[in-house]
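>
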Amino acid sequence: MAGKPKLHYFNGRGRMESIRWLLAAAGVEFEEELFETREEFEKLIQGGVLMYEQVPVVEVDGMNLIETRAILRYLAAKYNLYGRNLQEQAWIDMYVEGLKDLSDMIMFLPLSLPGEKEMNLEYILERATTRFFPVYEKALRDHGQDFLVGDRLRWADVQLLEVIFMAEECKPSVLAGFPLLQEFKARISYIPTICKFLQPGSQRKPPLDEGSIETVKNIFKFERGMFLKNMGTIVAEY
Amino acid sequence: MMAAKPKLHYPNGRGRMESVRWVLAAAGVEFDEEFLETKEQLQKLQDGNHLLFQQVPMVEIDGMKLVQTRSILHYIAEKHRLFGKDLKERTLIDMYVEGTLDLLELIIMHPFLKPDDQQKEVVNMAQKAIIRYFPVFEKVLRDHGQRFLVGNQLSLADIILLQTILALEEKIPNILSAFPHLQEFTVKISNIPTIKKFLEPGSKKKPPPDDIYVRTVYNIFMP
């Protein structure tokens, strides 16, 4: 049968990180082919595996899966991390989409225009603590269960944990007003597969630093003001 | 007990809700709409905890208040068998839909760009459509010779692609000139009875965004 899933991306988090988290949480070993230059990326494009000439792409089960959400949904379904019925699936979808709005903002923060990073960071933290985290805190409080949906680990829990860590990297005390999320973080972090992923030596990637920001910009030819452009799309979720 | 009709909460225009209208219509599902016109109405929905993330679109359906466009589309598609027959087909549909939604996003945002940027953006949309997205779907249709994109039956992918093609044609009338299979696709899918009905005057399909719509949106959503 098929070998391990193979991930093609640059050597950093970006949009592939959620996929790494999900595979790791499911206890699935995976390989990575990480490109470092524009030339290597173009070679991948020419190889014809990228439907829309974009990454992430994950080779799995004889398919070249593209589009982050499509990849995540396939893996979640395959590894029993999705809903058991239509209603559970709807809740997981909603929770995950909300988290994506927040994680996209955090992901694009390093691409802020000079002089705007402080302001953007403040905006992210305000959104995190007033719009997003309250939703998940309430979900946990309302049903009193260990997980967001139903009684076992799902994709939404893995995604929430990932975004909690990302938000804490922006501000360590960001969970101060959210006792249930603090408990959730501790509890989910201790699940063996996830615990393993959180340890040094795993395939989890570090946040972008000055050097890797330049690499990313060169590979993907990002324009200036990428943060604002992305923000425009998110803010305009109407 | 007969289920209530789904109820859509959104301004009276296309925006992010239009895809939902398309899919419900294609599935032959009647729905009601409550149009947002003022900031106060939005505030009321938010204060009443009807919007999970304080945002619209929101669709009341089957006892839930669904938000997030993709979640809504998936729920409806899954419920009305517009999402393929197995995981592989669903994933293929998913990949096609995600690409198409990326293209549709440019159309949705267009009226809210500065006037100077709008013309440039039409060029950008046309390029993305012709170079990145249409060739993919043209090839899919050419390779399998079937009427629908996936699994020889109507799916979310066909509906969203048709929506996007028609929206682009409003701005760039000859956008399909190099894509004979997509031209045929457009005609065939448009002729499916439920979709044909949606394309006729008097349906719930919304007209292209105009200044009034843009102003309404700003009034409701700008702080």
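Chains as they are written, first to last, in this note's numbering: chain G, 32 to 269; chain A, 69 to 291.
Cβ atoms here follow ideal geometry from the backbone N, Cα and C, with glycine treated the same way.
(1) In or out: A72 of chain A buried (at least 16 other Cβ within 10 Å) or exposed?
(2) Should H174 of chain G be labelled buried (16 or more other beta-carbon atoms within 10 Å of its own) or exposed?
(3) Under 8 Å: do the region 159-174 of chain G and the region 209-219 of chain G share three or more Cβ pairs, one atom per stretch?
(4) Assuming H77 of chain A contacts E102 of chain A under a Cβ cut-off of 8 Å, what Cβ separation, rounded to an integer in Å, is found between them?
(5) Just checking my contact of I233 of chain A with T254 of chain A at CB under 8 Å: how many whole Å lie between their CB atoms?
(6) Can you tell me which of A:P277, A:Y164 and A:R200 puts its alpha carbon nearest to the alpha carbon of F247 of chain A?
(7) Buried or exposed for I76 of chain G, please, with buried defined as at least 16 other CB atoms from any protein chain shown within 10 angstroms of its CB.
(8) At the level of alpha carbons, what is the spacing between A267 of chain G and V282 of chain A?
(9) Tell me which residues of the region 192-223 of chain A have at least one Cβ-Cβ distance to chain G shorter than 8 Å, keeping chain order.
(10) What residues in the region 123-141 of chain A bring their beta carbon closer than 7 Å to a beta carbon of chain G?
(11) Judging by CA-CA distance, which residue of G:C226, G:N151, G:M82 and G:C201 is the nearest neighbour of V165 of chain A?
(12) Any idea what DSSP makes of D177 of chain G, helix, strand or coil?
(13) Is it true that the CB of E128 of chain G sits closer than 8 Å to the CB of S245 of chain A?
(14) Could you compute how far the alpha carbon of F216 of chain A sits from the alpha carbon of Q122 of chain A?
(15) Taking E63 of chain G as the reference, give the member of G:K37, G:G43, G:L133 and G:F72 with the closest Cα.
(16) Mind pulling the chain G residues with CB within less than 9 Å of Y143 of chain A?
(17) Going along the region 203-220 of chain G in order, which residues come within less than 7 Å of chain A, judged by CB to CB distance?
(18) Just to confirm the assignment: which complete beta strand (DSSP E) runs, minimum length 3, are found wholly within the region 77-163 of chain A?
(19) So, is the C-beta of D278 of chain A closer than 8 Å to a C-beta in chain G?
(20) With distances taken from CA atoms, which of G:G181, G:D92, G:Y126 and G:R172 is nearest R100 of chain G?
(21) List the endpoints of the continuous alpha helix (DSSP H) containing Y110 of chain G.
(22) Can you grab the Cα-Cα spacing for the pair T264 of chain G / G45 of chain G, in whole Å?
(23) Quick one: is Q190 of chain G buried, meaning 16 or more other Cβ sit within 10 Å of its Cβ, or exposed?
(24) Using a Cβ-Cβ distance under 8 Å, would R162 of chain G count as near chain A?
(25) In three-state terms, what does DSSP make of L38 of chain G?
(26) Is it buried or exposed, D188 of chain G, if we count other Cβ atoms within 10 angstroms and call 16 or more buried?
(27) If we define contact as Cβ-Cβ less than 8 Å, is A198 of chain G a contact residue for chain A?
(28) Could you give the DSSP three-state label for F66 of chain G: helix, strand or coil?
(29) Assuming D162 of chain A and R104 of chain G make a contact with CB atoms under 8 Å, what is their CB distance in whole Å?
(30) So that I know if they touch, is there some Cβ in chain A lying closer than 8 Å to that of L229 of chain G?
(31) Compare the C-alpha of D100 of chain A against each of A:K147, A:P74 and A:W90 and name the closest.
(32) May I ask which residues mark the beginning and end of the alpha helix (DSSP H) holding V59 of chain G?
(33) Taking a contact to mean a Cβ-Cβ separation below 8 Å, would you say I123 of chain G touches I50 of chain G in this structure?
(34) In terms of residues, what are the limits of the beta strand (DSSP E) holding E189 of chain A?
(35) Ordered along the chain, which non-local residues of its own chain (more than five positions away) have a Cβ less than 6 Å from that of L230 of chain A?
(36) Under 8 Å, with one C-beta from each stretch per pair, do the region 146-156 of chain A and the region 127-143 of chain G reach the 3-pair mark?
Looking at the atomic coordinates:
(1) exposed
(2) exposed
(3) yes
(4) Right, the Cβ-Cβ distance comes to about 5 Å (below 8 Å), so this counts as a contact.
(5) Contact between I233 of chain A and T254 of chain A holds: CB atoms are separated by about 6 Å, below the 8 Å threshold.
(6) A:R200
(7) When all chains shown are included, I76 of chain G counts as exposed.
(8) For A267 of chain G, the pLDDT reaches just 41, beneath the cut-off of 50, and the residue's location in the model is therefore unreliable, although a value from the coordinates is still provided. Cα to Cα, the separation comes out at about 12 Å.
(9) R200, Y201 and V204
(10) Taking 7 Å as the Cβ-Cβ cut-off against chain G, the residues of the region 123-141 of chain A that qualify are Q123, V124, M132, L134, V135, Q136, R138 and S139.
(11) G:M82
(12) coil
(13) no
(14) 36 Å
(15) Taking only the C-alpha atoms, the option nearest E63 of chain G is G:K37.
(16) L117, Q118, Q120, A121 and D124
(17) none
(18) 100-104, 126-129 and 132-135
(19) no
(20) G:Y126
(21) Careful: Y110 of chain G lies outside any alpha helix (DSSP H) and carries neither H nor E.
(22) Bear in mind that a pLDDT of 49 at T264 of chain G, under 50, signals an unreliable position, so the model cannot answer this.
(23) Burial of Q190 of chain G is indicated by the presence of at least 16 other C-beta atoms within 10 angstroms of its C-beta.
(24) At least one chain A Cβ lies under 8 Å of R162 of chain G.
(25) Secondary structure of L38 of chain G (DSSP, three-state): strand.
(26) buried
(27) no
(28) In the structure shown, the three-state DSSP call for F66 of chain G is strand.
(29) So it is a contact: roughly 6 Å between Cβ atoms.
(30) no
(31) A:P74
(32) Where V59 of chain G is concerned, there is no enclosing alpha helix (DSSP H), given that its DSSP letter is neither H nor E.
(33) Taking 8 Å as the Cβ cut-off, I123 of chain G and I50 of chain G do not qualify as a contacting pair.
(34) No beta strand (DSSP E) contains E189 of chain A, which is instead part of the alpha helix (DSSP H) from P183 to Q195.
(35) I257
(36) no
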